[in-house]
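J.: Questions regarding the structure given below will be posed in turn.
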Amino acid sequence: MKKDLRMTTDDLGAVLAHTKNWIFDLDDTLYPPSEVIYAQMARRIRDYIMKTVGVDEQTASIIQKSYYKQYGATVHGLVLEHHIQPADFTDYVHQLDLSSLKPDPKLRAVLQALPGRRFVFTNGAYEHAERVLKRVGLDDLINGIFSIREANYIPKPALETYQKMMKAFNIDPAESMMFDDNQQNVLGAKRAGIKGVWISSNTSNNKYCLADCDDFCDYQTPDLVTFLSPYFGKAKQAS
1 MKKDLRMTTD DLGAVLAHTK NWIFDLDDTL YPPSEVIYAQ MARRIRDYIM
51 KTVGVDEQTA SIIQKSYYKQ YGATVHGLVL EHHIQPADFT DYVHQLDLSS
101 LKPDPKLRAV LQALPGRRFV FTNGAYEHAE RVLKRVGLDD LINGIFSIRE
151 ANYIPKPALE TYQKMMKAFN IDPAESMMFD DNQQNVLGAK RAGIKGVWIS
201 SNTSNNKYCL ADCDDFCDYQ TPDLVTFLSP YFGKAKQAS
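So this is what it looks like as structure tokens:
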């Protein structure tokens, strides 16, 4: 079930050594799950739905959860069902207080030690990704950001969005590994030919869980440092 635990060190080490493109989700992947950030974002999504769709808070909450489950991102459902301007939604929703986010020296060290290129692949706004990366001290390590805007507001796990991302960055999926806390997005990576690693610490983001890691991921880990630091030793020296 947890393939990273079943494989020998040599087996996983060989896979990692072959990896040239490291693709990271943003929220709850490049920083630990944050109730502070999540609560702000959920509140702003509900407020936006109440204003634009003209419903009460309870109905807005139902719409938010329903569209997230059905379409992969609430914004995609709002575009299809209510013809909103998606840029207006992302601009509004991502006006967040990020002061609770802090740099993680061990995470920085392990990402810095990775051979090849590092990308952020997010269903969030481009500007939000920039702000988060700067806040957690990783902005100078990332070679490119592919946001919901570059995906034409068609979110992960749509296969066409992975294909657009790979084309944009000239990525060979056979030489790539993707890390995401959302099980459906990890499955999307596998379907696109990318090795998929599930960051399993955020159970709240997987209310519609697939039964077993074998069903959707190549590897499972609680966080990036746990998975990568045994193979990229600079993280061991960080304090």
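According to my numbering, the residues represented by the sequence shown are 1 to 239, in order. The C-beta atom is built at its ideal place from N, Cα and C for all residues, glycine as well. Since we're looking at a predicted model, the values are computed, not measured.
Tell me whether the beta-carbon of residue 180 lies closer than 8 angstroms to the beta-carbon of residue 189.
T.: Result yes, Cβ atoms of residue 180 and residue 189 sit closer than 8 angstroms.
J.: How far does the alpha helix (DSSP H) with residue 70 in it extend, from its first residue to its last?
T.: Where residue 70 is concerned, the enclosing alpha helix (DSSP H) stretches over 57-71.
J.: Should residue 102 be labelled buried (16 or more other beta-carbon atoms within 10 Å of its own) or exposed?
T.: By the neighbour-count rule (16 or more Cβ atoms within 10 Å), residue 102 is not buried but exposed.
J.: How about residue 46 and residue 35: are their beta carbons less than 8 angstroms apart?
T.: For residue 46 and residue 35, no; Cβs fall outside 8 angstroms.
J.: What three-state label does DSSP hand residue 106 in the structure shown?
T.: The answer is helix: DSSP assigns residue 106 an H, G or I state.
J.: Please work out which residues of its chain come closer than 6 angstroms, Cβ to Cβ, to residue 184, disregarding the five sequence neighbours upstream and downstream, and give them in chain order.
T.: Cβ neighbours of residue 184 beyond the five flanking positions: 157.
J.: Got a sec, what are the start and stop residues for the alpha helix (DSSP H) residue 135 sits in?
T.: Residues 126-135.
J.: Is the beta carbon of residue 122 closer than 8 angstroms to that of residue 147?
T.: It is a contact, given that the beta carbons lie within the stated cut-off.
J.: Name the residue from 93, 95, 94, 66 whose alpha carbon lies nearest to the alpha carbon of residue 251.
T.: Because the chain here runs from 1 to 239, residue 251 falls outside it and cannot be looked at.
J.: Around the C-beta of residue 133, are 16 or more other C-beta atoms found within 10 angstroms, so that it is buried, or is it exposed?
T.: With 16 or more Cβ atoms within 10 Å of its Cβ, residue 133 is classed as buried.
J.: Less than 8 angstroms between the beta carbons of residue 215 and residue 124, yes or no?
T.: Going by C-beta atoms, residue 215 is not nearer than 8 angstroms to residue 124.
J.: Take the Cβ of residue 72 as the centre, count every other Cβ of all protein chains shown within 10 Å, and call the residue buried at 16 or more, exposed below.
T.: Buried, by the Cβ-count rule.
J.: Do you know whose CA, among 14, 217, 21, 17, lies nearest residue 171's CA?
T.: Nearest option by C-alpha distance: 21.
J.: Going straight from the alpha carbon of residue 17 to that of residue 11, what length do you get?
T.: Between residue 17 and residue 11, the C-alpha separation is close to 10 angstroms.
J.: Pick helix, strand or coil for residue 188, following the three-state DSSP scheme.
T.: If DSSP states are grouped into helix, strand and coil, residue 188 belongs with the helices.
J.: Taking all protein chains shown into account, decide if residue 140 is buried (16 or more other Cβ within 10 angstroms of its Cβ) or exposed.
T.: Under this definition residue 140 is an exposed residue.
J.: How long is the line joining the alpha carbons of residue 115 and residue 88, rounded to whole angstroms?
T.: If you take the alpha carbons of residue 115 and residue 88, they lie about 37 angstroms apart.
J.: Bridge partners of residue 23, per DSSP?
T.: Beta-bridge pairing links residue 23 to 119, 178.
J.: Whole-angstrom Cβ separation of residue 151 and residue 173, contact assumed at under 8 angstroms?
T.: In fact, because the Cβ distance is near 17 angstroms, the residues do not count as touching under 8 angstroms.
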